[in-house]
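Counted the way the working numbering counts, the sequence shown spans residues 1130 to 2120.
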Amino acid sequence: MDGGPRVPEQRRPGSVTVTEPEALRFGVLGPVRAWRGAEQIGTGSPQQRALLATLLLREGRTATAAELIDALWGAEPPSQALAAVRTYASRLRKILPPGVLVSESGGYAVRVPAEDALDLTVAQDLAAEAEKSRAAGDLCRARELLNQALGRWDGEVLAGVPGPYAETQRVRLEEWRLGLLESRLDMDLEQGCHAEAVSELTALTAAYPLRERLRELLMLALYRSGRQAEALAVYADTRRLLAEELGVDPRPGLRELQQRILQADPALAEPSSPASEPAAVPVRPAQLPASVPDFTGRASFVTELSEVLSSASESPDAGDRVMAVSALAGIGGVGKTTLAVHVAHRARGAFPDGQLYVDLQGAGPRPAEPETVLGSFLRALGTADSAIPDSLDERAALYRSVLDGRRVLVLLDNAKDAAQVRPLLPGTEGCAALVTSRVRMVDLAGAHLVDLDVMSPDEALSLFTRIVGEERVAAEREAALDVVAACGFLPLAIRIAASRLAARRTWTVSVLAAKLGDERRRLDELQAGDLAVKATFELGYGQLEPAQARAFRLLGLADGPDISLAAAAAVLDLPVEETEDLLESLVDTSLLESAAPGRYRFHDLVRLYARACAERDEQPPGEREAAMSRLLDFYLATAAQVYAMERPGDRLVDHLEPTGYRGLGFEDRHGAQDWLYAEAVCLLACVRQSAGGSTLRRAIDLLWASVDLAESGANSREYEAAAAALRSVARAVGDVRAEGRASVVLSNARLFSGVFDQAYREALEAFQLAEAAHDPLPSCWAANVLGSTAFYQNRHEDAEGYFSQAIEKFRSCGDLAGTAAALCNLSRLHLATDRADTAVVLARQGTDIYQQLGHTLRGANGRYAFGLALGKSGRHDSAAEQLEQALRVFRDSRQRLWEGMTLCRLAEVDLDARRPSQAASNAEMALTVLRGIGGEWRRGHVLTVLGRALNGIGHLGRAQVCWREALEIYEHLNAPEADEVRKLLTPVAAA
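Here is the structure:
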């Protein structure tokens, strides 16, 4: 292992391998202790514990009396040292089981009864296993084993034990612990956990400032996290410190790393094992869907595509290898995906580093975003979430870097256009991409274009026969030819027709042919594009029972990517059990897919066809609107249940639009949260789809009741966009009440995303509209948001007025939870205006109300405010206790925004309590948690706090980098906090 001496493996004469329930255990990686089963045994005076520790660390060997005297007292033992040793040994025998402490050859030895009886032995064995796992390339297991080994330490080794031997062992074992820790951190970086490692490394470099290996790891972690300036600042800090303390320069490895960072060495961006260590086995994705067992025909296309793919890996000259791209185009249902998957499976051997697959949903209303797909691909290739950048260009660049030197096949199915595909191409020799789309990608440079037409009559008949069975087709060959001709030789249509026939043993092929021969059951003429696809789907749809057909039509109306069983029951207005039977029968016909247990989805083209059927066939026409209204009611009623469970006593649920369909109930808040986050995408799709007519007000209220989606940061962008769209519709139709509520929702979302100027404008408009509409609760919320935005803009007098108004309004509405929220906000204002005593009182009032109502999540918000007030009052331990309780709830509730800000507040408390190392660790974690959420202002605040913490532990260069980035953010936002940061950046502050 790197970074320290290897403690010799203990030899255990006569030891056994199993620890009995009441077996004896010893601990030296902390205070010297002994246990019999779960009961701790007293080990006596410090000198007696020193004797026991010396014998335990002798690895079962006998220590002579002279050696023990030297270990306990060194060169100046007392006159009665030998007698004292014998007394200590005698006392130990009385408390230890017989045969553990033995006398032999004028000395003593401890025979541990089992291999795992000594914590040091266990740590050694775990570390040895970790070495083996790392050598075998299993970094995940190696890290886990090292964490277990490090977990055996319990404070200072041999704590409170006197004597020179104990001191020597303390130093040796601490050095070994640091070596294990460095090895584990090294593997953290190997696996892409750069952002997570920064926090721990910052604290460690503060605790061990002269340990260069830790500084080197910190530089690398910062660089790989995109924080190059901070990485270079670590080197500058280290060089200065070494010169001041030891009069030496950094070691060559550290200097070399600095130069590589300055040169932006591409190799540094990739995790790479040290030369002496075997490379970790890279993640090998295998994402190809299963190839259909009845794949038929297409022989010329299979050969052509296989040859193109082989060009990526079989060129005799490695320098001539290229990244091969093939693009298949054709109408929907022609079998593009089936052919591409079949060819990809045949070519797997040429791409040993894995295969990636994605459905780009190009035929649907919302094609997949390339940055989202890249995030999924990078995770599949082993990249940690924390290492995945935010922008499309950065993700595409990292994706190409990860694929460099690897041979991976990428199947991009159902693409919208070339613009969607380009960022997803590997761009690396030895890799290949297969693309399917309904359009010919003539503008995809370098692509081998393949136009896929319908099957030949022989291929179509062969496919039909393989599904239906040779015996039935052979008896009615002419009828079978009529069937495939009526299908237009389109593979998807043939598969649907054949599957229906195969499922109905009483039908003959002639019966199916007669049905297809009736032109009233299909389009008059097959045409290119979607009409041809609709003709193929008409086969399956026309054979459905009336209840199945109704379900097919109505379920296709919902915009979400899939639908839950409960939501489908609402659409159909049927019991869940009956709904499940209908949906499963549709799955059997291949008109519906089972996405996961209890969830269903349409293929995008089938969904379009289902909607066309609904427009054409659903009677009365108002049933379509009624179905979507029931879905909206289901989501609103269930979201209201979630809101009420999270916020007992909150009056919002009493002010929502009434619903005509019941929602789900939940046993506990965790089940409610699970539902909300699982349904987030479908819920927001329903909101957008309901933005008009009689459903507008309910759609706005659904957003309002689902505020956790914005507040947590999980779906904040989509939530905010939906709120803006609804507000525009409400304004266009002149619905003042709806516009006021939509403006409240939008202002709240923008407050969470840190866009304070816009949030203030939206809240001011919401307040005025709510007052005009005599809608009391939105005006309460708007006043609270106005106060919060004014507070963040340092307009303290305005903020106090708004908060006081919010408290008064919430009280007049009987909304205790709202009152508590406004009290906690007012507490923070009092803190900012140097009224710490009243801030504590206000925060305690708010927290008490939350506790009275039984709020868990909102109670955490109260503790957050209470902790801030206590911290500024100088009660740092009490403040930390309140904030840590809040942090546990926020983590449990998946509230990332509040989790990150609580970590930042803990860092501020740590700074006030003169714990800069802990402050730096908490601030680093806050920066990681808040990545991509909360807005730039909050990021600037965390960077400012982090800079102060780094300055406190002597990392002056890194502190300056953090402050400069914070200043850039504040200046861009024209925020008043810029002045504070400028003061921090002055030479006086830096010194």
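Each residue gets a CB set at the ideal place from its N, CA and C atoms; glycine is no exception.
First through last residue of the beta strand (DSSP E) which encompasses Asp-1580: 1577-1580
Pairing CB atoms from the stretch 1489-1505 with CB atoms from the stretch 1542-1560, are three or more of them under 8 Å? Under the three-pair Cβ rule at 8 Å, the stretch 1489-1505 counts as touching the stretch 1542-1560.
What's the gap between the Cα of Ala-1469 and the Cα of Ser-1420? 9 Å
Per the contact definition of three or more C-beta pairs closer than 8 Å, is the stretch 1971-1982 in contact with the stretch 1933-1944? no
Tell me where the beta strand (DSSP E) around Gly-1236 begins and ends. 1236-1239
Check each candidate in Ala-1743, Gly-1789 and Arg-1736 and name the one with the smallest Cα separation from Ser-1758. Gly-1789
Exposed or buried, what is Pro-1092 when buried is set at 16 or more other beta-carbons lying within 10 Å of its beta-carbon? The structure shown does not extend to residue 1092, since the chain is modelled only from 1130 through 2120, so no value can be given for it.
Roughly how many whole angstroms lie between the Cα atoms of Leu-1507 and Val-1531? 8 Å
Please determine if the stretch 1249-1258 and the stretch 1266-1281 are in contact, where contact requires at least 3 C-beta pairs separated by less than 8 Å. yes
Per DSSP, which residues does Trp-1164 bridge with? Please list them. Arg-1154 and Gln-1169
For Cys-1269, count neighbouring Cβ atoms within 10 angstroms of its own Cβ and tell me buried if that reaches 16, exposed if not. exposed
Contact between the stretch 1594-1608 and the stretch 1555-1564 is defined here as three or more beta-carbon pairs at a separation below 8 Å; is this criterion met? Under the 8 Å Cβ criterion, the stretch 1594-1608 does not count as touching the stretch 1555-1564, having fewer than three qualifying pairs.
Around the Cβ of Glu-1205, are there at least 16 other Cβ atoms within 10 angstroms (buried) or fewer (exposed)? exposed
Secondary structure of Tyr-1790, DSSP reduced to three states: Tyr-1790: coil per DSSP, three-state reduction.
Residues of its chain near Gln-1887, where Cβ-Cβ distance is below 7 Å and the 5 sequence neighbours each way are ignored: Arg-1879
Nearest to Val-1251 by alpha carbon, out of Arg-1281, Ile-1224 and Val-1502? Arg-1281
Beta-carbon contacts of Arg-1413 that lie in its chain and below 7 Å, excluding the five residues immediately before and after: Asp-1482 and Gly-1483
Own chain partners of Pro-1905 with C-beta closer than 6 Å, once the 5 adjacent residues on each side are dropped: Hits under 6 Å: Cys-1942.
Nearest-angstrom Cα separation, counted from Lys-1223 out to Thr-1172: 11 Å
Buried or exposed: Ser-1262, going by 16 or more other Cβ atoms within 10 Å of its Cβ? Burial call: buried.
For Leu-1457, which three-state DSSP category applies? strand
Relative to the C-alpha of Leu-1737, which residue among Ala-1698, Tyr-1670, Leu-1793 and His-1784 is closest? Per the Cα distances, Tyr-1670.
C-alpha distance - Ala-1867 paired with Thr-1824, whole-angstrom precision: 11 Å
Given this structure, state the Cα-to-Cα distance separating Ala-1408 from Arg-1220, to the nearest angstrom. Confidence at Ala-1408 is low in this model, with a pLDDT of 37, below 50, so the placement of that residue should be treated as unreliable; the coordinate-derived value is given next. If you take the alpha carbons of Ala-1408 and Arg-1220, they lie about 53 Å apart.
CB-CB under 7 Å to Ala-1912, same chain, minus the five flanking residues each way: which ones, in chain order? Phe-1896, Tyr-1931, Gln-1934, Ala-1935 and Lys-1938
Exposure of Pro-1787, with buried meaning 16 or more beta-carbon neighbours within 10 Å: Classified as exposed, Pro-1787 has fewer than 16 neighbouring CB atoms from the shown chains inside 10 Å of its CB.
Cutting at 6 Å between CB atoms, please list the residues of its own chain near Arg-1890, excluding the five before and the five after it. none
Assuming Thr-1193 contacts Gly-1236 (C-beta within less than 8 Å), just tell me the rounded distance between them. 4 Å
Alpha-carbon spacing of Val-1537 relative to Thr-1432, whole angstroms: 20 Å
Could you round the C-beta distance between Val-1638 and Ala-1609 to whole angstroms and report it? I think they count as a contact, below 8 Å. 5 Å
If you compare alpha carbons, which of Glu-1600, Leu-1573 and Val-1612 is closest to Leu-1590? Val-1612
Going along the chain, which residues of its own chain have a beta-carbon closer than 6 Å to the beta-carbon of Ala-1928, five neighbours each way excluded? Gly-1916, Ala-1919, Phe-1920 and Leu-1958
Pull up the CB-CB distance for Pro-1160 and Gly-1308, whole angstroms please, since I reckon it's below 8 Å. Actually they do not touch by this definition, with Cβ atoms about 23 Å apart.
Starting from Asn-1877 and walking both ways along the alpha helix (DSSP H), at which residues does that stretch end? 1865-1881
Val-1231 - containing beta strand (DSSP E), residue span: 1230-1233
Delimiting residues of the alpha helix (DSSP H) encompassing Asp-1904: No alpha helix (DSSP H) contains Asp-1904, which DSSP labels as neither H nor E.
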